[in-house]
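Its first residue numbered 1341, the sequence shown is counted upward by one per residue in the working numbering. Here is the structure we will look at.
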Amino acid sequence: MNKKRLIAGIAVAALFFPREVMAQSGDMTVQAGKIVAAVQPTMWGVFFEDINLGADGGIYAELVKNRSFEFRRPLMGWEVQQNPAREGSVLVLNRQEQQAANPRFVRIDKQTEQEKLGLTNEGFRGMGIKKGLPYDFSVMYRQPAAGLSIRVELVSTAGKTIGTASAPLKTGSNWQKAEVSFTSTDTAWRGKLNIWFEGKGSIDLDMISLFPTDTWKGRKGGMRADMIQLLADMKPGFIRFPGGCIVEGDDLSVRYQWKKTIGPVENRQLIVNRWNSEFAHRPTPDYYQTFGLGFFEYFQLAEDIGAAPLPILNCGMACQFNTAEVVPLDQLDPYIQDALDLIEFANGDTSGKWGSVRAKMGHPAPFNLKMMGVGNENWGPQYIERLALFQQAIKSKYPDFKLVASAGTNPDGDRFNYLDTALRRMKVDYIDEHYYSKPSWFLDNAGRYDNYDRNGAKIFAGEYAAQSDRVVSVNNRNNLRTAISEAAFMTGLERNAGVVEMASYAPLFAHTDGWQWTPDLIWVNNLQSYGTPDYYVQKMFSVNKGTHVVPMLMNGNAVKGQDSLYASAVLDKGQKLLILKVVNAGSKPVKKSINIDGVKLRASAVSVATLQGQSLKDENSFSTPAAVAPVAFSVKLKAKKLEAVLPPNSFTVYKINVE
Ligand code: AHR
C-alpha cells in the first residue's frame, strides 16, 4: 500500500476516534457461508445523457461550436473579423434541396488582397487548449478558382497567438476536406480559434473542426480522455444512453433518432438539445446535439470500458412535462422498426443491412447488445399500450432480448402504482425506477427492496441522486451528506441484488460554466474534471461489487438504520474476498465488532477504504478534487472478529481474504 495514504488514513482515523465519544452497541455478524443471491455483473453502471454540456462541449472533444452553421442562428458562436467592413463578405447559404441533413454552409468573398477577413469561433465556453499538444484542424471546402488560402490561429484567453498553421487547399468545384495539425505553444483556459483568409477570391466552407489529439484511445475526432477515464475507473457494469429526457424530446420532431446519429459526421442531422430552453432559470441557447457522438460511438465506448450497452429508445411519446405528443397507435411501426433495426445494427451479421453499416463504420464484430429501454420517464395507459406493441414485436423476433420499462417519474404515488401493476402484469423484464429526493429519503428507503417480489420483474434503479436542496433547485450540492445517504441506500440495493440487477446515479456530467441540472456525479471545466463525493461512493460499490450477496446482520436483522448504521456484504468468488460495506450516517463515531461466520480466512490483514470528512457540507472541487475521497489503510482480524471503528458520516469498505 502507498505509505503516504496509509499515514494519512491513520491520521484521519485518529481524528475521529476519541474513545470517550464512541457509541457502543450489539455486534454485527456476517453469515459468509449463506449465499442469498448472485450479484449481476451489470449491478452498478452509469447513466449518460447530453445534459449540462455532457456530450457537445463535454465528452465529445470537438472544440468548435456550431461547426456546420446549423444552429437556429447560423453564426452563433462565430464572429466575423473584417477591416474594412463590407456587406456580403460572409454569406450563409442553404442547399436544403440537395443536402437536407446539413443544408447550410458559408461563402467567403474577399475582393482585395489588402482587406482583412476572418472568422473567430468562441468554443463552447471558450476552448481549453494545452501547451505542447498537437491539435487537428479540418474543414470541408470548395474553391472553384485559386486565390484564397486559409491560416488558422489559436488564441489564448488574453488574446495572444499560441499556435498557427496554414491549411493546404486545392481548387475544384467539388467539396473536399483540408486538414492540418499544429501544436499549441501555451495553455489557454478559454481560448479561441481564428481562421484568416489570405489572398483574394471566394471559397465555401462547412464542418469547421478542431480536436485535441490526446483523445480517449487517441481516436481522431474522439472523446475527452480525462472524462472517459473517470468512467473507466468505475468499472461500470453497464452504460445507459442517450438519456434521460433527451430520448423523448420536447416534441416528437426533436426526439432522439439513433439512425440519424450514425455514418459520416457531416451527414448527421443536428437538432436542438431539449435542455437548451427547458429551465427559464438556466437557459442555454447555444445547446444543440450535433451527434458527432452517436450510437456507434456509444456502443464503442461501452465496449472500451467493459460495460454492457443499454440504449433507451423513444416509445412514440414526447416528454409529458412538455408537449406530451403521442404517435397514434396505427402509426407506431417506424418507431418499433427503429428498435428492431437497432438490434441488427448492434448484433447483426455483416452481410445484413444494418450489420453491414456497423462493419463499414469500422466494427465488424457484434456489440453484443442484450437489452434496451423502451421509453424514458413515460407514464399512463398511453405508455402501456405503446410499450405492449414494442414488447410483442421485439420478443417475437428475439425472445431472450431483455426490455426495460419505465415506472415514471416518481418511486411512489398513483402514477407509480398504476405503472408498477401494469408492467408486472405484462411481465416486463426490468422496471426502471427513478428517485430524486432528500438525503433523508435515501436513509429511510434502505429497506425499500427487502420485500419486493423475487420472481417477477427485476429492478433497474435507473436514475437517483440525493438532493441537498430540492429537485431542479440551482442550490443542490454534491457533498458528504448526499454521498453518505446514497451509500446507505445502496447497501439496500446490494442486499437485494436478487431483485435489483442494475443501478445508476444521474446525471453523470456537468460543465461548471454550462450546466442546467445539479447535483451531478462528475464536474468538469474546459481542462479539468473531478469526481464528487457521490462519485467515490459509486466507485467504491462498483469496483467492489463481488459475485454473491451474504447476510450481514445486527441482532438478527438487516442493518438499515440501527445505531445510524447501514451495511451489506458480498463474496467475490473469483478474487476470494469477503467484502463488507458499512455506512455510519450518524454524527458520532461507532465502534462495532463484526463476527465473520461460515468461511475460512486466508489472512488476518484486512484492507480498508474509508470515505469521510470534517463536515456534512464538505465537497470536492477543481482545486481540491479529492477532499472527500476514500483513504486506504489496513487492520487485522482477531480470530474471526473485525473491530470496526466507523467515523461519523463515513462509508467504509472492508476486504477480507477468504478461502
Ligand atoms: O437526470 C436528469 C433528468 O431527470 C433525466 O433526463 C430525466 O429522466 C429525469 O427527469
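Each residue gets a CB set at the ideal place from its N, CA and C atoms; glycine is no exception.
Between which two residues does the alpha helix (DSSP H) containing arginine 1726 stretch? The residue given as residue 1726 occupies position 386 in the sequence shown. Segment 1721-1737, the alpha helix (DSSP H) holding arginine 1726.
**Prompt:** Just to check, is the beta-carbon of tryptophan 1857 closer than 7 Å to a non-hydrogen atom of the ligand AHR?
**Reply:** Position 517 of the sequence shown, counted from the first residue, corresponds to residue 1857. Yes, the Cβ of tryptophan 1857 comes within 7 Å of a heavy atom of the ligand AHR.
Hey, is the region 1855-1862 in contact with the region 1887-1898, meaning 3+ C-beta pairs nearer than 8 Å? With fewer than three CB-CB distances shorter than 8 Å, the region 1855-1862 does not count as touching the region 1887-1898.
Local Cβ density within 10 Å of leucine 1570, reported as buried at 16 or more and exposed below that
Mapped onto the sequence shown, residue 1570 falls at position 230. Leucine 1570 counts as buried, since at least 16 other C-beta atoms from the protein chains shown sit within 10 angstroms of its C-beta.
- Query: For alanine 1664, which residues does DSSP report across the bridge?
  - Reply: Indexing the sequence shown from 1 puts residue 1664 at position 324. DSSP lists no partner for alanine 1664.
C-alpha gap between isoleucine 1568 and arginine 1835, whole angstroms | Taking the sequence shown and counting its residues from 1, one reaches residue 1568 at position 228. Taking the sequence shown and counting its residues from 1, one reaches residue 1835 at position 495. About 29 Å.
Does aspartate 1566 come out as helix, strand or coil in the three-state DSSP assignment? Locating residue 1566 in the sequence shown gives position 226, counting from the first residue. For aspartate 1566, the secondary structure class from DSSP, reduced to helix, strand or coil, is helix.
Item checked: Beta-bridge pairing of threonine 1504 - partner residues as DSSP gives them -> For this step, residue 1504 is matched to residue 164 along the sequence shown. Within the DSSP bridge table, the entry for threonine 1504 names Glu1493 as partners.
(request) Provide the residue span of the beta strand (DSSP E) that contains lysine 1420, from first to last. (result) As a working note, residue 1420 is residue 80 in the sequence shown. Correcting the residue type first, residue 1420 is valine in the shown sequence and not lysine. Here the beta strand (DSSP E) through valine 1420 covers 1418-1423.
Could you tell me which uninterrupted beta strand (DSSP E) segments, each at least 3 residues in length, are contained entirely in the region 1834-1876, listed from first to last along the chain? You should have 1840-1845, 1849-1851, 1862-1864, 1869-1871.
Please classify proline 1552: is it buried, with 16 or more other beta-carbons within 10 angstroms of its beta-carbon, or exposed? Translated into the one-based positions of the sequence shown, residue 1552 becomes position 212. Burial check for proline 1552: the Cβ neighbour count within 10 Å reaches 16 or more, so the residue is buried.
Write down the C-beta distance between isoleucine 1490 and serine 1524 rounded to the nearest angstrom, noting that I regard them as a contact closer than 8 Å. Translated into positions along the sequence shown, residue 1490 becomes position 150. Translated into positions along the sequence shown, residue 1524 becomes position 184. Beta-carbon to beta-carbon, isoleucine 1490 and serine 1524 are separated by about 18 Å, too far to satisfy the 8 Å threshold.
- prompt: Measuring from the CB of glutamate 1389, is there a heavy atom of the ligand AHR at a distance below 7 Å?
  reply: Working through the sequence shown from its first residue, we reach residue 1389 at position 49. Glutamate 1389: yes, Cβ under 7 Å from the ligand AHR.
I want to check one thing, is the minimum distance from the CB of proline 1847 to the heavy atoms of the ligand AHR below 7 Å? In the sequence shown, residue 1847 corresponds to position 507, counting from 1. Remark: the shortest separation between the CB of proline 1847 and any heavy atom of the ligand AHR falls under 7 Å.
query = Does the region 1787-1806 come within contact of the region 1911-1927, defined as at least 3 CB pairs closer than 8 Å?
reply = In short, these stretches do not touch, since the Cβ pair count stays below three.
Notebook entry, point to check: For cysteine 2001, is the beta carbon positioned less than 7 Å from some heavy atom of the ligand AHR?
Noted result: Look at the range of the chain in this structure, 1341 to 1999, and you will see that residue 2001 is not part of it.
With respect to the alpha helix (DSSP H) encompassing leucine 1763, which residues constitute its N-terminal and C-terminal limits?
By one-based count along the sequence shown, residue 1763 stands at place 423. Residues 1753-1765.
Problem set entry | Three-state class that DSSP yields for lysine 1976 in the structure shown | Stepping through the sequence shown from its first residue, residue 1976 is reached at position 636. In the three-state reduction of the DSSP assignment, lysine 1976 falls in the strand class, which pools E and B.
Worksheet entry | Exposure label - valine 1432; buried when at least 16 CB within 10 Å | By one-based count along the sequence shown, residue 1432 stands at place 92. Looking at its Cβ environment, which holds fewer than 16 other Cβ atoms inside 10 Å, valine 1432 is exposed.
| request: May I have the straight-line CA-CA distance separating valine 1587 from glutamine 1954, to the nearest angstrom? | output: In the sequence shown, the residue the question calls residue 1587 occupies position 247. In the sequence shown, the residue the question calls residue 1954 occupies position 614. When rounded, the distance between both Cα atoms is 40 Å.
Requested in this report: Taking only the alpha-carbon atoms, compute the straight-line gap between tryptophan 1781 and asparagine 1534 and give it to the nearest angstrom.
Outcome: Looking up residue 1781 in the sequence shown gives position 441. Looking up residue 1534 in the sequence shown gives position 194. Rounded to the nearest whole angstrom, the C-alpha separation of tryptophan 1781 and asparagine 1534 is 51 Å.
Short of 7 Å in beta carbon distance, which residues of its chain neighbour phenylalanine 1756, apart from the five on each side in sequence? Order them along the chain.
Counting from 1 along the sequence shown, the entry for residue 1756 is found at position 416. Annotation for phenylalanine 1756: Ala1747, Gly1748, Asn1750 place their beta carbon closer than 7 Å to its own, counting only its chain and skipping 5 residues before and after.
Check your understanding: Is the beta carbon of threonine 1554 sitting closer than 8 Å to the one on leucine 1494?
Key -> Stepping through the sequence shown from its first residue, residue 1554 is reached at position 214. Stepping through the sequence shown from its first residue, residue 1494 is reached at position 154. In the sequence on display, residue 1554 carries aspartate and not threonine. No, the pair does not count as a contact, with Cβ atoms beyond the cut-off.
Are the beta-carbon atoms belonging to glycine 1584 and asparagine 1716 less than 8 Å from one another? Walking along the sequence shown from the start, residue 1584 turns up at place 244. Walking along the sequence shown from the start, residue 1716 turns up at place 376. Cβ atoms of glycine 1584 and asparagine 1716: closer than 8 Å.
Check whether the Cβ of glutamate 1618 sits closer than 7 Å to any heavy atom of the ligand AHR, and report yes or no. Start at 1 with the first residue of the sequence shown, and residue 1618 comes out as number 278. Glutamate 1618: no, Cβ never under 7 Å from the ligand AHR.
Item to complete: Flag this pair as yes or no: are the beta carbons of alanine 1949 and valine 1993 separated by less than 8 Å?
Response: Counting from 1 along the sequence shown, the entry for residue 1949 is found at position 609. Counting from 1 along the sequence shown, the entry for residue 1993 is found at position 653. With contacts defined as CB atoms closer than 8 Å, alanine 1949 and valine 1993 qualify as a contacting pair.
At which residues does the alpha helix (DSSP H) containing alanine 1699 begin and terminate? Your numbering for residue 1699 matches position 359 in the sequence shown. If you look at alanine 1699, you'll find it in the alpha helix (DSSP H) that goes 1693-1700.
Review point. What number of angstroms, rounded off, separates the C-alpha of proline 1988 from the C-alpha of aspartate 1566?
Key: Taking the sequence shown and counting its residues from 1, one reaches residue 1988 at position 648. Taking the sequence shown and counting its residues from 1, one reaches residue 1566 at position 226. Taking the straight line from one Cα to the other gives about 32 Å.
Checklist line | Proximity test, histidine 1774 beta-carbon vs the ligand AHR heavy atom, cut-off 7 Å | finding: The sequence position of residue 1774 within the sequence shown is 434, counting from 1. Yes.
- Item | Interface flag, valine 1883 vs chain D, CB-CB below 8 Å | In the structure shown, chain D cannot be found, because there is only a single protein chain.
Could you tell me whether the region 1735-1745 touches the region 1605-1613, using the rule of 3 or more Cβ pairs below 8 Å?
By the Cβ rule, the region 1735-1745 does not count as touching the region 1605-1613, because fewer than three pairs are nearer than 8 Å.
Check this for me: beta carbons of alanine 1679 and leucine 1653, under 8 Å apart or not?
Position 339 of the sequence shown, counting from 1, holds the residue named residue 1679. Position 313 of the sequence shown, counting from 1, holds the residue named residue 1653. Against a cut-off of 8 Å, the Cβ pair of leucine 1653 and alanine 1679 comes out as a contact.
Expected contact under 8 Å - CB spacing of arginine 1407 and methionine 1563 to nearest Å: Here residue 1407 is taken as the residue at index 67 of the sequence shown, counted from 1. Here residue 1563 is taken as the residue at index 223 of the sequence shown, counted from 1. Going by Cβ atoms, the distance from arginine 1407 to methionine 1563 rounds to 16 Å, so no, they are not a contact pair.
Is methionine 1467 helix, strand or coil by DSSP?
Locating residue 1467 in the sequence shown gives position 127, where the first residue counts as 1. Three-state DSSP puts methionine 1467 in a strand.
| Just curious, the alpha helix (DSSP H) that aspartate 1678 is in, first and last residue? | Stepping through the sequence shown from its first residue, residue 1678 is reached at position 338. Annotation for aspartate 1678: the continuous alpha helix (DSSP H) segment containing it runs 1673-1687.
message = Is the separation between the beta-carbon of lysine 1510 and that of methionine 1467 shorter than 8 Å?
response = To locate residue 1510, count along the sequence shown from 1; it is residue 170. To locate residue 1467, count along the sequence shown from 1; it is residue 127. Result no, Cβ atoms of lysine 1510 and methionine 1467 do not sit closer than 8 Å.
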